[in-house]
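First up is the structure itself, then whatever we jot down about it.
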Amino acid sequence: MRDLLRSFLIAAAATCGALCSYADLVWTPDKGWEVRGGVLANVIGQTASVTNAISAMNKARTAQEEGSRRSALSYYSTVISDYPESIFAPEAYYQSARIYLERGQFPAAFDYAETIVKKYPDYPNFNKVIGLEYKIASDMQAGDIYWVQGWFPWFTSNKDIIKYYENVVKNAPYGDYAPIALMNISIVASGDGDYETAIDALERLINTYPDSMFTSDAYLQMAKIYQELVSGPEYDQAPTRNAISFFQDYTILFPKDAE
Numbered sequence: 007m008r009d010l011l012r013s014f015l016i017a018a019a020a021t022c023g024a025l026c027s028y029a030d031l032v033w034t035p036d037k038g039w040e041v042r043g044g045v046l047a048n049v050i051g052q053t054a055s056v057t058n059a060i061s062a063m064n065k066a067r068t069a070q071e072e073g074s075r076r077s078a079l080s081y082y083s084t085v086i087s088d089y090p091e092s093i094f095a096p097e098a099y100y101q102s103a104r105i106y107l108e109r110g111q112f113p114a115a116f117d118y119a120e121t122i123v124k125k126y127p128d129y130p131n132f133n134k135v136i137g138l139e140y141k142i143a144s145d146m147q148a149g150d151i152y153w154v155q156g157w158f159p160w161f162t163s164n165k166d167i168i169k170y171y172e173n174v175v176k177n178a179p180y181g182d183y184a185p186i187a188l189m190n191i192s193i194v195a196s197g198d199g200d201y202e203t204a205i206d207a208l209e210r211l212i213n214t215y216p217d218s219m220f221t222s223d224a225y226l227q228m229a230k231i232y233q234e235l236v237s238g239p240e241y242d243q244a245p246t247r248n249a250i251s252f253f254q255d256y257t258i259l260f261p262k263d264a265e
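Per the working numbering, the sequence shown starts with residue 7, numbered consecutively.
Structure (structure tokens):
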């Protein structure tokens, strides 16, 4: 798997406005957030703006740990709006996404995570962002309640679930989550009778990730889908041939599983 955990380029001085050094944010309960690593790590706290950003981050995390989600979101929002080019901004987005997921606000959680992917691709915990996006989709698939504004229950959309899984594949095609995301797309789509989308996801899984632990299941799932199409209203011989073909491929390529 391609290593997506890369060091984040921190913001340089306001006069140059360019990213020029590597650093990381580390949270500990006793010290709060600290900037570690990078040539600017020792001086970054000297400016008032950065001090205020750290203060807001610490207050946000303290509120988050105490279960005061609304207060935590407010502090993280301050960091996002006032220090968008700083090392603190992507962390504020990530922690906000976690809170929104805990509150069952799936679209907001995903939007915040997706912002990191688009605006801060060198965020050190990039793989955790992909994992969070996957968890949002899987929680929705599992039937967790979607709470509008954190208090009003609403229905989840299978189209949104598929869209979120597709983003996981697109954002980290070489990551661990891509094959299982494709498998789940096929399951969700099949449940809706959208066999075209299900077959497309399975074909991508089989062709792109032939060594994945989910590939054998993809062959079997593909065979079962074509088997269902055999008795469908648009019956012809093609689904029958395809079903037989994938069952045969499954038994040949994965003899241990086929037993």
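Just so you know, even glycine gets a beta-carbon here, dropped at the ideal spot from N, CA and C.
With DSSP collapsed to three states, give me the class of G38. strand
At the level of alpha carbons, what is the spacing between G197 and M63? 43 Å
As assigned by DSSP and simplified to three states, the class of D30: strand
In or out: P96 buried (at least 16 other Cβ within 10 Å) or exposed? buried
Using the three-state DSSP reduction, which class does G137 fall into: helix, strand or coil? helix
Whole-Å CB distance - Y118 paired with Y106, under 8 Å assumed: 6 Å
Quick one: what's got a C-beta closer than 7 Å to I205's C-beta in the same chain, skipping five residues either side? M228, I231
Quick one: Cα of V194 to Cα of N173, how far? 15 Å
By DSSP, does E202 sit in helix, in strand, or in coil? helix
D223 burial status per 10 Å Cβ neighbour count (16 or more: buried): buried
Is it right to say F14 is buried, meaning 16 or more other beta carbons lie within 10 angstroms of its own, or is it exposed? Here F14 scores only 26 on pLDDT, less than 50, and its place in the model should not be relied on; the value that follows carries that caveat. Counting Cβ neighbours within 10 Å, F14 comes out buried, since at least 16 surround it.
Compare the C-alpha of G149 against each of Y183, E139, S163 and name the closest. S163
Could you have a look at D182 and say whether DSSP puts it in helix, strand or coil? coil
Just how far apart, CA to CA, sit S92 and I86? 9 Å
Between G199, L188, M219, which lies nearest to L208 when the distance is taken from Cα to Cα? L188
Can you say whether G199 is buried or exposed, counting buried as having 16 or more other CB atoms within 10 angstroms of its CB? exposed
Close Cβ partners of Y171 (< 6 Å) along its chain, the five nearest in sequence each way excluded: A143, A187, N190, I191
Exposure of N177, with buried meaning 16 or more beta-carbon neighbours within 10 Å: buried
So, for R8: in the same chain, excluding its five sequence neighbours on each side, which residues have a beta-carbon less than 7 Å away from its beta-carbon? For R8, the predicted model reports a pLDDT of 36, less than 50, meaning its position is unreliable; a value from the coordinates is still stated below. Excluding positions up to five away in sequence, the list reads Y180.
Contact under 7 Å by Cβ, A103 with Y82: no
With the cut-off set at 7 Å, would you say M146 and I167 are in Cβ contact? yes
Just mark P133 as buried or exposed, buried being the case when its beta carbon has 16 or more other beta carbons within 10 Å. Before going further, note that residue 133 is Asn rather than Pro in the sequence given. N133 is buried by the Cβ-count criterion.
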